[in-house]
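Enquirer: I have a structure here, written as structure tokens, and I will follow up with some questions on it.
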Amino acid sequence: MKPLAAGNWKMNGLKASVSEINALKDSLDGAAPACDVMICPPATLVLPLADAAAGSAVQIGAQDCHTAVSGAHTGDISAAMLKDAGAAAVIVGHSERRADHGETSELVKTKAEAAIAAGLTAIVCLGETLAEREAGDTLSVVHAQLNGSLPGGATGATTVIAYEPVWAIGSGLTPTADQVAEVHQAIRAGLSALTSAEEAHSIRILYGGSVKPSNAAELMAIDNVDGALVGGASLAADDFAGIIAAF
Ligand code: 13P
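What the sequence shown shows, in my numbering, is residues 1 to 247, in sequence order.
In structure tokens:
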């Protein structure tokens, strides 16, 4: 399967950030990247970035959506609106949403299903905290999140999983290659049990957490790692291009 390098801009970016998409497009110009390339900006920038990226190898995704198509939900944005603005995918269940907004796996699953119903790819995030890892609970936590959050009927075309250990996000720390391999293998096995062996092998499993140009090649070479979900190092086109070049 073709790997995916996705950038999650989180709550960063203003109109002027369109220049980063232009720079990213320029850096990819001429050489087709070995991976799919996506930037997920805040909702305010989905439309201008989708316009700027049109016709290039860069796809635009979004961050989070409501479970409903429309209605009385002040401040929320539906998957249909994100699709209408030009998004191809949406991140759901990021640990920052699980922590800041108390999102449960049950809610994440409903959001993922709403995203897919709107024609978006759902990028479903999972990952243990440091306390959970130190307690030896990593695999049980990740399994519970996968079981609870995976949208019904998930396929490789509709769903991407992102394994992001909470303690590796924004910390500069990364798990060892063995630790990443163990969790990604467990997620693949979990997907086999929840879907079918064939679908399980078509669903991309991204690694996220302090991915940067200097460690991307090593992380992306690990078995069952089908791409990266990148935070800080996706904000500047140069850094993100360095990660894309590692595929
Ligand atoms: P960093 O790459 O900044 O660690 O963030 C990872 C992340 O949370 C992407 O969703």
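Backbone N, C-alpha and C fix where the C-beta goes; we use that ideal spot for every residue, glycine too.
Going by C-alpha distance, which of M220, L219, G209 is nearest S234?
Expert: Counting from 1 along the sequence shown, the entry for residue 234 is found at position 234. Closest by alpha carbon: G209.
Enquirer: Out of curiosity, what's the CA-to-CA distance linking P213 and A193?
Expert: In the sequence shown, counting from the first residue as 1, residue 213 sits at position 213. In the sequence shown, counting from the first residue as 1, residue 193 sits at position 193. One C-alpha to the other measures close to 34 Å.
Enquirer: Out of L45, G156, Q185, P165, which one is the CA nearest neighbour of I258?
Expert: An answer regarding residue 258 cannot be provided, because it is not within the stretch 1 to 247 covered by the chain.
Enquirer: Going by the beta-carbon positions, is the gap between N215 and H184 smaller than 8 Å?
Expert: On the sequence shown, residue 215 is found 215 positions in, with the first residue counted as 1. On the sequence shown, residue 184 is found 184 positions in, with the first residue counted as 1. No, they are not a contact pair.
Enquirer: Does DSSP put S78 in a helix, a strand or coil?
Expert: In the sequence shown, the residue the question calls residue 78 occupies position 78. Here S78 sits in strand by DSSP.
Enquirer: Short check: CB of A237 to CB of L24, under 8 Å?
Expert: Taking the sequence shown and counting its residues from 1, the one referred to as residue 237 is at position 237. Taking the sequence shown and counting its residues from 1, the one referred to as residue 24 is at position 24. It is a contact, given that the beta carbons lie within the stated cut-off.
Enquirer: What would DSSP say about T138, mapped onto helix, strand or coil?
Expert: Mapped onto the sequence shown, residue 138 falls at position 138. In the structure shown, T138 sits in a helix (DSSP, three-state: H, G or I).
Enquirer: Could you have a look at L126 and say whether DSSP puts it in helix, strand or coil?
Expert: Translated into the one-based positions of the sequence shown, residue 126 becomes position 126. Here L126 sits in strand by DSSP.
Enquirer: Quick check: I21 and A52, are their CB atoms within less than 8 Å of each other?
Expert: Along the sequence shown, read from residue 1 onward, the residue named residue 21 stands at position 21. Along the sequence shown, read from residue 1 onward, the residue named residue 52 stands at position 52. In contact: I21 and A52 (Cβ atoms closer than 8 Å).
Enquirer: So, at 7 Å on beta carbons, what are the nonlocal neighbours of R97 in its own chain, with the 5 sequence-adjacent residues on each side left out?
Expert: As a first step, residue 97 must be located in the sequence shown, where it is residue number 97. For R97, where only same-chain residues beyond five positions count, the Cβ hits under 7 Å are D64, E103.
Enquirer: Hey, which residues come within less than 6 Å of ligand 1, measuring from Cβ to any heavy atom, in chain order?
Expert: Result (chain order): N8, H94, E164, I169, G170, G208, G209, S210, V211, L229, V230, G231, G232, A233.
Enquirer: Alpha carbon to alpha carbon, how far is V37 from V58? Give it in angstroms, no decimals.
Expert: Sequence index remark: in the sequence shown, residue 58 carries index 58 (1-based). Sequence index remark: in the sequence shown, residue 37 carries index 37 (1-based). Roughly 5 Å between the two C-alpha positions.
Enquirer: Tell me whether M220 is buried or exposed, calling it buried when 16 or more other Cβ atoms sit within 10 Å of its Cβ.
Expert: The count along the sequence shown starts at 1 and reaches residue 220 at position 220. With 16 or more Cβ atoms within 10 Å of its Cβ, M220 is classed as buried.
Enquirer: For a quick check, are the C-beta atoms of D226 and P42 less than 8 Å apart?
Expert: Here residue 226 is taken as the residue at index 226 of the sequence shown, counted from 1. Here residue 42 is taken as the residue at index 42 of the sequence shown, counted from 1. For D226 and P42, no; Cβs fall outside 8 Å.
Enquirer: Between which two residues does the alpha helix (DSSP H) harbouring D29 extend?
Expert: Taking the sequence shown and counting its residues from 1, one reaches residue 29 at position 29. It is not in any alpha helix (DSSP H) - D29 carries neither H nor E in the DSSP assignment.
Enquirer: Write down the C-beta distance between K109 and L82 rounded to the nearest angstrom, noting that I regard them as a contact closer than 8 Å.
Expert: In the sequence shown, residue 109 corresponds to position 109, counting from 1. In the sequence shown, residue 82 corresponds to position 82, counting from 1. The Cβ separation is near 18 Å, so there is no contact.
Enquirer: Tell me the residue span of the beta strand (DSSP E) that contains M220.
Expert: Looking up residue 220 in the sequence shown gives position 220. Not the beta strand (DSSP E): M220 falls in the alpha helix (DSSP H), residues 213–220.
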